[in-house]
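This report refers to the structure that appears directly beneath it.
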Amino acid sequence: MAGGAVSGAGGGVSSSSLLWAVIMSAFAGFGGILFGYDTGTIGGVIAMKNWLETFGEPDSTQPFGFVLATNNKSLVVSILSAGTFFGALLASPMGDRFGRRLGLILSCAVFCLGVGLQLDKRWATFVVGRVIAGLGVGLVSCLVPMYQSECAPKAIRGLIVGLYQLAITIGALLAAIFLNATQHKDSAAAWRIPIAIQFIWAFVLSAGMALLPESPRYLLLKNRKTEARAALGRLMTLPADSAEVEAEALEIEAALRVELEAEAGSYLDCFRNTPNRNAWRTWTGILMQGWQQLTGINFIFYYGTTFFQQAGISNGFLITIIADVVNTVMTIVGIQLIDRVGRRRLLLIGAAGMCIAEFIVAIVGVTAGHPTVTASGNEVNLVAQRVLIAFTCIYIAFFATSWGPVIWVLTGEIFPLNIRAKGMSLAVASNWLWNFGIGYATPYLVNPTTFGPAGIKAANLGVKVFFIWGSTCVGCFIFTYFFIPEIKGLSLEQIDLLYRESSIIGSDKYRRKMLAENETFMNNARHEKGAHEREPSEEKVAEA
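What follows is the structure, given as structure tokens:
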């Protein structure tokens, strides 16, 4: 049965009203802010004096006299992603059981429970709160694109889904601003205020969804036809009994019939070698979400504050704000390039740019940028620091214009109709699984080994970790070249045809041919039918 992590048909609603598109994007986009804000918050919270005094261990060699053990740092940062992994998998039954709109409201309630637990001063409660908040974020990360793709006007559906990534970057930027504002407080308010602000984002999202209509597609899926037409009327700004609403409802019902009559579309079908290349497309979705995390971008947003401090930069919070501003501004640029430059080309450019920038950061960091110990204290090379910051921002800019928004757009486009819901849930769960793994492993890669009863052995790579991220960006380039087709300007139906008839490397040439000849399944069927109808006539002429 259809439904799940994204729109089953992905058709959207034929509406000329930009008002509803803006309203839906504004409210549903707060789901992205939930994720982005939490990602940005934890990196600054674990560097705050009062938080370290509350949860850390005494260490006279540290600036605040306390340190968080490497294993605990790994746990507290990455455990949210463990919750989001299961939340992403649960989004499909949540969306089908309670509906897209109510499902989002319930997800906000789960998230708020997790946020409330993180205000406690007990370590176990704080960690459990991170897990529960992650469950809510995982649910929202699938239900928001699902609602948007089913309700947004067809003409701008891609743009609206791309705006979800923009909301994530805005959330991270807001987190950096609030952290910078509270970092100098000597009480628990320093970290409790930034955490508690998350209640606001959850309230705005749930209140907004309470005012918006349910997805008409979900209502028709449940055979609630009267309610579906009422919802369509609101989305199309027309009376529920108008001819336009009736035509749109009939079109959605027809698409649903086709979907329900298709092959079962089970999780096993996602990995079958069918004419639609299901297995290839499923693995593409799973792997490209993994490669997005392997660019190393969350290293900056999870550990950027402490990383910049260790590199000798006095105000790591301020540099994190600069990085978040770059991320937000360049994401705005990126979502406008997706349909102009193309998905495949933008990913190739982004991977190459990130690779070069990260290798420069690594090389500068291990040479001139490394702080030196002198009699007067640690001395740093200011020029090298500025180069380090500049190329970190260049690396973020390449990510924000390519691997940030493009991957989310592709995830909603590459799956065939009958497995789109399950395929996307698997891809998004892959994102969170890699997020967890990288978030957990990074402190062991970056931090020095600690000694004593609670000592932890670590690799102490420091800035050299950028050699790893630069190398993985080479992998991103190779993966894109062999796995990601160019599908700019194609309908979802034409994407299915491209996967059937074209190679990945030759996809752009075939795409141009399809657009020039208006090649679709329906047109091909009409041409074949016309050819069959002409053949008997030609035989009769020959006989005469």
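Note that full-length UniProt numbering numbers the sequence shown so that position 314 is 314, with each residue one more than the last. Note that the Cβ used here is the ideal one computed from N, Cα and C, for glycine as well. These numbers were taken from a predicted model, which means no experiment stands behind them.
For residue i, which residues in the same chain have their Cβ closer than 7 Å to its Cβ, ignoring the five residues on either side in sequence?
i           : result
Ile407      : Met288, Gln289 and Gln292
Ser81       : Gly134, Trp432, Asn435, Phe436 and Gly439
residue 600 : Outside the shown range of the chain (1 to 544) lies residue 600, about which nothing can therefore be said.
Thr331      : Gln165, Leu166, Thr169, Ala400, Gly404 and Pro405
Phe301      : Thr39, Gly40, Gly43 and Ala172
Ile487      : Arg343, Glu413, Ile495, Leu498 and Arg511
Give the secondary structure of residue i by DSSP, where H, G and I count as helix, E and B as strand, and everything else as coil.
i      : result
Phe66  : strand
Glu358 : helix
Glu57  : strand
Gly342 : coil
Ser149 : helix
Asp96  : helix
Phe467 : helix
Arg130 : helix
Ile456 : coil
Gly506 : coil
Arg277 : coil
Pro443 : helix
Gly296 : coil
Val368 : Before going on, a small fix: residue 368 reads as Ala here, not Val. Coil, per DSSP.
Asn431 : helix
Ile252 : helix
Gly290 : helix
Thr449 : coil
Glu519 : coil
Arg101 : helix
Leu159 : helix
Arg234 : helix
Arg224 : coil
Kindly indicate which residue of the options has the alpha-carbon position closest to the one of residue i.
i      : options                           : result
Ser78  : Arg97, Leu294 and Ile42           : Ile42
Thr401 : Arg340, Arg257 and Ile105         : Arg340
Asn460 : Ala181, Ala441, Asp508 and Ser187 : Ala441
Ser187 : Trp51, Val110 and Ala124          : Trp51
Leu211 : Asn180, Arg192 and Ala231         : Ala231
Phe85  : Thr237, Leu159 and Ala427         : Ala427
Phe55  : Gly99, Gly162, Gly95 and Asp120   : Asp120
Tyr395 : Leu445, Ile297, Ala458 and Val329 : Ile297
Leu34  : Ile200, Gly412, Ala279 and Ala176 : Ile200
Ala228 : Gln183, Ile252 and Gly32          : Ile252
Ile356 : Asn72, Cys393, Arg500 and Gly342  : Cys393
Gly489 : Gly103, Leu515, Gly475 and Phe479 : Leu515
Ala247 : Lys225, Phe111 and Pro416         : Lys225
Ala47  : Ile160, Val144, Trp283 and Lys185 : Lys185
Gly475 : Arg500, Gly353 and Asp508         : Gly353
Pro485 : Thr274, Val446, Arg345 and Cys270 : Arg345
Phe299 : Lys49, Glu519 and Val446          : Val446
Ile338 : Val409, Ala397 and Phe391         : Val409
Is the distance from the Cβ of residue i to the Cβ of residue j below 7 Å?
i      : j      : result
Pro405 : Ile335 : yes
Thr328 : Ile170 : yes
Cys108 : Leu173 : no
Ala351 : Phe477 : yes
Gly285 : Gly103 : no
Cys473 : Thr295 : yes
Phe111 : Ala202 : yes
Ala362 : Asn381 : no
Would you kindly report the start and end of the unbroken alpha helix (DSSP H) that includes residue i?
i           : result
Met48       : It is not in any alpha helix (DSSP H) - Met48 carries neither H nor E in the DSSP assignment.
Ala240      : Segment: none, Ala240 is in no alpha helix (DSSP H) and carries neither H nor E.
Ile389      : Leu382 to Thr401
Gln118      : Per DSSP, Gln118 belongs to no alpha helix (DSSP H) and is neither H nor E.
Gln183      : Gln183 -> no alpha helix (DSSP H), and no H or E assigned at all.
Pro405      : Pro405 to Thr411
Ile419      : Where Ile419 is concerned, there is no enclosing alpha helix (DSSP H), given that its DSSP letter is neither H nor E.
Asp269      : Per DSSP, Asp269 belongs to no alpha helix (DSSP H) and is neither H nor E.
Glu486      : From DSSP, Glu486 is part of no alpha helix (DSSP H); its letter is neither H nor E.
Ile197      : Premise fails: Ile197 is in no alpha helix (DSSP H) and is neither H nor E.
residue 551 : Past the boundaries of the shown model lies residue 551; the chain is included only from 1 to 544, so the question cannot be answered.
Can you find the residues in the same chain that come closer than 6 Å, C-beta to C-beta, to residue i, ignoring five residues on each side of it along the sequence?
i      : result
Ile132 : Leu113 and Gly114
Thr125 : Leu117
Glu214 : Gly99, Arg101 and Ala231
Val364 : Ala384, Val387 and Leu388
Gly129 : Gly114, Leu117 and Gln118
Using a Cβ-Cβ cut-off of 8 Å (strictly less than) and excluding sequence neighbours within five positions of residue i, which residues of its own chain qualify?
i      : result
Glu543 : Legend: pLDDT at Glu543 = 45, less than 50; position of this residue unreliable, value from coordinates given subsequently. There are no such residues.
Phe359 : Phe466, Phe467 and Gly470
Arg272 : Asn278 and Ala279
Leu90  : Leu135, Gly138 and Leu139
Val245 : Arg229, Leu232, Gly233, Met236, Leu238 and Pro239
Compare the C-beta of residue i with all C-beta atoms of chain B and state if any pair is closer than 7 Å.
i      : result
Ile356 : In the structure shown, chain B cannot be found, because there is only a single protein chain.
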